[in-house]
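Engineer: Residues in the sequence shown are numbered consecutively from 1, following UniProt numbering. I'd like to ask some things about the structure below.
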Amino acid sequence: MQTTTALRLYGKRDLRLETFELPAMQDDEILARVVTDSLCLSSWKEANQGEDHKKVPDDVATNPIIIGHEFCGEIIAVGKKWQHKFHAGQRYVIQANLQLPDRPDCPGYSFPWIGGEATHVVIPNEVMEQDCLLSWEGDTWFEGSLVEPLSCVIGAFNANYHLQEGSYNHVMGIRPQGRTLILGGTGPMGLLAID
Numbered sequence: 001m002q003t004t005t006a007l008r009l010y011g012k013r014d015l016r017l018e019t020f021e022l023p024a025m026q027d028d029e030i031l032a033r034v035v036t037d038s039l040c041l042s043s044w045k046e047a048n049q050g051e052d053h054k055k056v057p058d059d060v061a062t063n064p065i066i067i068g069h070e071f072c073g074e075i076i077a078v079g080k081k082w083q084h085k086f087h088a089g090q091r092y093v094i095q096a097n098l099q100l101p102d103r104p105d106c107p108g109y110s111f112p113w114i115g116g117e118a119t120h121v122v123i124p125n126e127v128m129e130q131d132c133l134l135s136w137e138g139d140t141w142f143e144g145s146l147v148e149p150l151s152c153v154i155g156a157f158n159a160n161y162h163l164q165e166g167s168y169n170h171v172m173g174i175r176p177q178g179r180t181l182i183l184g185g186t187g188p189m190g191l192l193a194i195d
């Protein structure tokens, strides 16, 4: 068994730094070490809302979750189901927005054994099933933690729309040869958008 130290959410504004044993990894799971985790304002919102947050389980007071969803690290062990795709020593990043068809569960919001604010995690099968565990081959760990917010920036660019003059048609995405982009924020994601 692997010991981890993690920041766990028990309810509204109830965060606890705890050391505990992770459960034994199953054949469809992956054991990993977390190296970096970016702090996102969404985690602050999650900590303030607790069980009222749409991605946090109602029973978080008795089954706490590990917060943090912008993280990367190194794989320690791989269950049999995923050995064809992942291996010990491989670096990874997480795309936390799983888009599960029947529930809003995401790493850092909904699971007891995976979140970026931990030293070690057990990555559940759902993450790999959704292709949300990605190999990281970048130069630095901190850049790996920025993959998730960068995906949000790209999604925002693709969600932009333009009205065609004289019609009600919407054209999605950034206009080719466009000259103006209004950037409403200059926080970390705004800076990623500029970069």
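Built from N, CA and C at the ideal position, the CB exists for glycine as well.
Run the CB neighbour count on M172, radius 10 Å, all protein chains shown included, and call it buried at 16 or more, exposed below.
Structural biologist: With fewer than 16 Cβ atoms within 10 Å of its Cβ, M172 is classed as exposed.
Engineer: Within the continuous beta strand (DSSP E) that includes L7, where are the two ends?
Structural biologist: Element bounds for L7: 3-11.
Engineer: What are the start and end residues of the beta strand (DSSP E) that includes C152?
Structural biologist: Per DSSP, C152 belongs to no beta strand (DSSP E); it is in the alpha helix (DSSP H), 147-159.
Engineer: Looking only at its own chain, which residues have a Cβ that is under 7 Å from the Cβ of S151, when we skip the five neighbours before and after it?
Structural biologist: The residues are Q95.
Engineer: Rounded to the nearest angstrom, what separates D27 and W141 at their Cα positions?
Structural biologist: Going from the Cα of D27 to the Cα of W141 covers about 27 Å.
Engineer: Which residue wins for smallest C-alpha separation from E18, given the options P64, D139, S38?
Structural biologist: Nearest C-alpha to E18: P64.
Engineer: Tell me the rounded alpha-carbon separation between M128 and I76.
Structural biologist: Answer to the nearest angstrom: the Cα atoms are 15 Å apart.
Engineer: Look at the Cβ atom of W113, then the Cβ atom of P23, and state whether they are nearer than 8 Å.
Structural biologist: Result yes, Cβ atoms of W113 and P23 sit closer than 8 Å.
Engineer: Taking all protein chains shown into account, do 16 or more other C-beta atoms lie within 10 angstroms of the C-beta of residue 201, making it buried, or fewer, making it exposed?
Structural biologist: Residue 201 lies beyond the residue range present for the chain, which begins at 1 and ends at 195; the question has no answer from this structure.
Engineer: Work out the CA separation of D105 and V56 for me, nearest whole Å.
Structural biologist: Those two C-alpha atoms are separated by around 8 Å.
Engineer: Does any heavy atom of the ligand FAD sit closer than 7 Å to the C-beta of G11?
Structural biologist: As for the ligand FAD, it is missing from this structure, which has no ligand bound.
Engineer: For the candidate residues G166, W44, L133, whose alpha-carbon lies nearest to that of R8?
Structural biologist: The shortest Cα separation from R8 among G166, W44, L133 belongs to W44.
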